[in-house]
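Adding 1 to a residue's 1-based position in the sequence shown gives its number in my numbering. Here is the structure we will look at.
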Amino acid sequence: MQNADLFEVIERHPTKVSGAWVFRGTRVPVTALFENLKDGASIDQFLEWFPGVTREQVEVLLDRALASLTQIA
């Protein structure tokens, strides 16, 4: 997976959500996904709670995070 794929689904602007990484086209911070998953929410629940985020965005982000971890090992 290439970095371009990741930056097609997330973005960061200094004037948007205090410069936090958000899902592109939304104000939903990327950290919200990881916090909700950590607390036991499913991806389907997250998508229901944050309707502006798409499944594709979540999958690309998770795939990229996994790829980053396997490159470190």
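Quick reminder that beta carbons are idealized off the backbone N, C-alpha and C, glycines included. Quantities reported herein were computed from a predicted structural model and do not represent experimental measurements.
For this session: Taking 9 Å as the cut-off, decide whether the C-beta atoms of I73 and V59 are in contact.
Result: no
Exercise. Taking the C-alpha atoms as reference points, what is the distance between G41 and L34?
Worked result: 11 Å
Exercise. Looking only at its own chain, which residues have a Cβ that is under 8 Å from the Cβ of V61, when we skip the five neighbours before and after it?
Worked result: M2, D6, L7, E9, V10
Problem set entry | Burial state of P52, where buried means 16 or more other Cβ atoms lie within 10 Å | exposed
Exercise. Which residue or residues does DSSP assign as beta-bridge partners of I11?
Worked result: F24
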